[in-house]
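Visitor: Residues 1 to 60 (UniProt numbering) make up the sequence shown, in order. Positions of the beta carbon are idealized from the N, C-alpha and C atoms, including for glycine. Take a look at this one; I'll ask things after.
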Amino acid sequence: MPATAPKPVLLELLRCPEPHHAPLSFDRETNALTCSECAKVFRVEDGIPVMLLDGAGDQD
Ligand SMILES: [Zn+2]
1 MPATAPKPVL LELLRCPEPH HAPLSFDRET NALTCSECAK VFRVEDGIPV
51 MLLDGAGDQD
């Protein structure tokens, strides 16, 4: 079985990588996650969300 495709429910649990960590909403039509706080859009490729930020400065 494929191990690379997270179920949609997992996409719903993802949070924005920005410091506010706001919930993301998954849009099936655009196949992308949108942050409810900063409106950043993260593409989902082959079921894998691309959570990259420009100039990544993650302090975690
Ligand atoms: Zn955000």
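Please report how far the alpha carbon of residue 48 lies from the alpha carbon of residue 20, in whole angstroms.
Guide: Start at 1 with the first residue of the sequence shown, and residue 48 comes out as number 48. Start at 1 with the first residue of the sequence shown, and residue 20 comes out as number 20. Answer to the nearest angstrom: the Cα atoms are 22 Å apart.
Visitor: Residue 44: buried (16+ other C-beta within 10 angstroms of its C-beta) or exposed?
Guide: For the purposes of this step, residue 44 is taken as the residue at position 44 of the sequence shown. With 16 or more other Cβ atoms within 10 Å, it is buried.
Visitor: Check the C-beta distance from residue 24 over to residue 38 and give it rounded, since I have them as a contact under 8 Å.
Guide: For this step, residue 24 is matched to residue 24 along the sequence shown. For this step, residue 38 is matched to residue 38 along the sequence shown. Not a contact, Cβ separation roughly 10 Å.
Visitor: According to DSSP, is residue 56 part of a helix, a strand, or is it coil?
Guide: One-based indexing of the sequence shown puts residue 56 at position 56. Reliability of the predicted coordinates at residue 56 is poor, the pLDDT of 47 falling under 50, and the value obtained from them is presented with this limitation in mind. Correct three-state label for residue 56: coil.
Visitor: On a Cα-Cα basis, can you pick out the residue from 53, 4, 46 that is closest to residue 30?
Guide: Within the sequence shown, residue 30 is the residue found at index 30, counting from 1. Residue 30 has its Cα closest to that of 46, out of 53, 4, 46.
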